[in-house]
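Chemist: Numbering (the UniProt record's numbering), first residue to last: 1 to 489.
Note that the Cβ used here is the ideal one computed from N, Cα and C, for glycine as well.
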Ligand code: TAP
């Protein structure tokens, strides 16, 4: 796609809301959306007004009963069609994502294709949800436990995975029989609107899917407070997740997928080269703007310097470019000035407290980078829990490394955080592997690999990393209520 055709594709969606099966220009104030690699304004969103929010919620409300009453195989067919359409249009949807979010086009295309896979996964799962007949305490009675879709879902999503984080909630809603009002992140609205276009093409009935753009504090908050929104499916920071929980005026189902501060432990028995490769991928992919990014690494003293040398080299070898003009770059621009500023703050804090700079530490140099939010993948060593890089989620291309002598101490350090999303281990010794998989207080533990989330398994955090799950059967069941039907013959 040329730059002109990307702007045209975005132009179709510029200032639009998707309500009751139709795109309409939003009446609210326009807010600019920038390409984070160039600073160029690529379009606008209209901040949804109270009347538009009401129209979307009411459209979802009206659509709920008929959609829930469809046969599971009908909803599955819609999801399969949606998955096919998304996969077929992945190249152009990826360009839209890169233009608003910054990740290189090849990586964005991978995300779109994974969303298409999620559609097919949830299509299959839609046909497998069933209730139970449970034992009863008196003769002549039968107890049926039935699963019924919750109703209208308000989905509020961040900017780091603009397709998948919208898509998982959309797929689970479509599969379960719920309807949905989506509020994507203010800075990445066009991917969500492009997904809505595919819903329209897939013939998903009016009102089943709606997209409202605007500020989280206004549009997102309105969904949280709306008495006719039955569930909030939120992905974002722990601070906003907690605020949502505390500010919701009704009792409401919520799944909250929140922040992480994910550790990796490299033991004395580890394949160090494999650990280096894993760390370089999971610390720096998407510029480290991943809830399950490796933020801090604890390495056994016997392999510490070898690991540091390897990770430094691997980080230095990664390319950083404008993700539109260099689709195969390793890193693109960071999504906005905010995560870049936080990365710099965490780096300065670590260096001021005695950390050793191993790689990166600055923005790449050259005219290409002058107007965008770029930063080199950065490794700091000799870190301690006095440093922000080890105790707070950086959400940038910065990783802290610390040395340990005793495995129990490493587990304690890894668990020394209010977060509990994902953790990583590289070890070959089976005793170490068992001790670590049991001892790490995280919802996901990846051992000798760095892909903590797969579609078939529940994906969720502990402690301040959230409540509830996405992915897997467990993720789908978050969209259902139980009903106990006690029958006297
Ligand atoms: P947040 O600032 O929390 O924003 C997330 C979403 O919430 C955005 O759509 C935001 O709108 C909206 N929002 C803000 N204030 C709100 C309010 N008062 N009521 C309702 N909605 C509100 O997070 P972010 O900076 O976009 O994303 C980064 C965070 O997400 C990181 O902490 C990361 O770990 C976490 N994350 C977690 C996961 C999982 S699976 N656990 C996955 C990805 C990211 P605006 O766009 O207008 O701000």
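#1: Could you check which residue in 186, 117, 268 has the C-alpha nearest to that of residue 216?
#2: Express the C-alpha separation of residue 10 and residue 395 in angstroms, rounding to a whole number.
#3: Of the choices 232, 130, 221, 129, whose alpha-carbon is the least far from that of residue 170?
#4: Can you tell me where the alpha helix (DSSP H) with residue 34 in it begins and where it stops?
#5: With distances taken from CA atoms, which of 258, 86, 463 is nearest residue 237?
#6: Quick one: residues in its chain with C-beta nearer than 6 angstroms to the C-beta of residue 206, no 5 flanking neighbours on either side, listed in chain order?
#7: Among 131, 26, 36, which has the Cα closest to the Cα of residue 53?
#8: Using a threshold of 8 angstroms, state whether the C-beta atoms of residue 94 and residue 105 are closer than that.
#9: List the endpoints of the continuous beta strand (DSSP E) containing residue 187.
#10: So what does residue 142 bridge to, in DSSP terms?
#11: Suppose only complete runs of 3+ residues qualify. What are the beta strand (DSSP E) ranges in the stretch 310-377, listed by chain order?
#12: If we call anything under 8 angstroms between Cβ atoms a contact, is residue 157 one with residue 184?
#13: Using DSSP's beta-bridge definition, name the partner residues of residue 466.
#14: Would the stretch 255-269 count as touching the stretch 293-312 if we require 3 or more Cβ pairs under 8 angstroms?
#15: Give the secondary structure of residue 422 by DSSP, where H, G and I count as helix, E and B as strand, and everything else as coil.
#16: Helix, strand or coil for residue 66 per DSSP?
#17: Is the closest heavy atom of the ligand TAP to the C-beta of residue 67 under 7 angstroms?
#18: When every heavy atom of the ligand TAP is checked, does at least one fall within less than 7 angstroms of the C-beta of residue 190?
#19: What residue from 457, 304, 18, 459 has the CA that sits closest to residue 208's CA?
#20: With a threshold of 16 other CB atoms inside 10 Å of the CB of residue 267, please say whether the residue is buried or exposed.
#21: Going by beta carbon distance, what residues of the same chain come within less than 7 angstroms of residue 337, once the five residues before and after it are set aside?
#22: Restricting to runs no shorter than 4 residues, where is the alpha helix (DSSP H) found entirely within the stretch 152-226?
#23: Buried or exposed, going by whether 16 or more other CB atoms sit within 10 Å of the CB of residue 490?
#24: Which ranges would you report for the alpha helix (DSSP H) in the stretch 86-124 if only whole runs of at least 4 residues count?
#25: Quick one: is the Cβ of residue 469 within less than 7 angstroms of any heavy atom of the ligand TAP?
#26: Using only the heavy atoms of the ligand TAP, determine whether one of them is closer than 7 angstroms to the beta carbon of residue 215.
#27: Should residue 359 and residue 339 be called a contact, given that it needs their Cβ atoms to be closer than 8 angstroms?
#28: State yes or no: is the C-beta of residue 102 within less than 8 angstroms of the C-beta of residue 333?
#29: Residue 212 and residue 56: beta carbons closer than 8 angstroms?
#30: When DSSP labels each residue in this structure, what does residue 306 get in the three-state scheme?
#31: Using a Cβ-Cβ cut-off of 7 angstroms (strictly less than) and excluding sequence neighbours within five positions of residue 327, which residues of its own chain qualify?
#32: Classify residue 138 as buried or exposed, calling it buried when 16 or more other Cβ atoms lie within 10 Å of its own Cβ.
#33: Once the 5 residues before and after residue 301 are set aside, which same chain residues still bring their CB inside 6 angstroms of it?
Modeler: Inspection of the coordinates gives the following:
#1: 186
#2: 27 angstroms
#3: 232
#4: No alpha helix (DSSP H) contains residue 34, which is instead part of the beta strand (DSSP E) from 30-34.
#5: Of 258, 86, 463, the smallest CA-CA separation from residue 237 is found for 258.
#6: 20, 21, listed in sequence order.
#7: For the residues 131, 26, 36, the minimum Cα distance to residue 53 belongs to 26.
#8: Contact flag set, yes.
#9: Run containing residue 187: none; DSSP gives neither H nor E here.
#10: 487
#11: 356-359
#12: yes
#13: 257
#14: yes
#15: strand
#16: helix
#17: no
#18: No, the beta carbon of residue 190 sits no closer than 7 angstroms to any heavy atom of the ligand TAP.
#19: 18
#20: The residue is buried, with at least 16 neighbouring Cβ atoms inside 10 Å.
#21: 373
#22: 164-176, 189-201, 221-225
#23: The structure shown has nothing for residue 490, since the chain only spans 1 to 489.
#24: 90-101
#25: no
#26: Residue 215 has its CB nearer than 7 angstroms to a heavy atom of the ligand TAP.
#27: no
#28: Yes, they are a contact pair.
#29: yes
#30: helix
#31: 104, 105, 106.
#32: exposed
#33: Exclusion of the five residues before and after residue 301 leaves 403, 405 as the residues of its chain whose Cβ lies within less than 6 angstroms of its Cβ.
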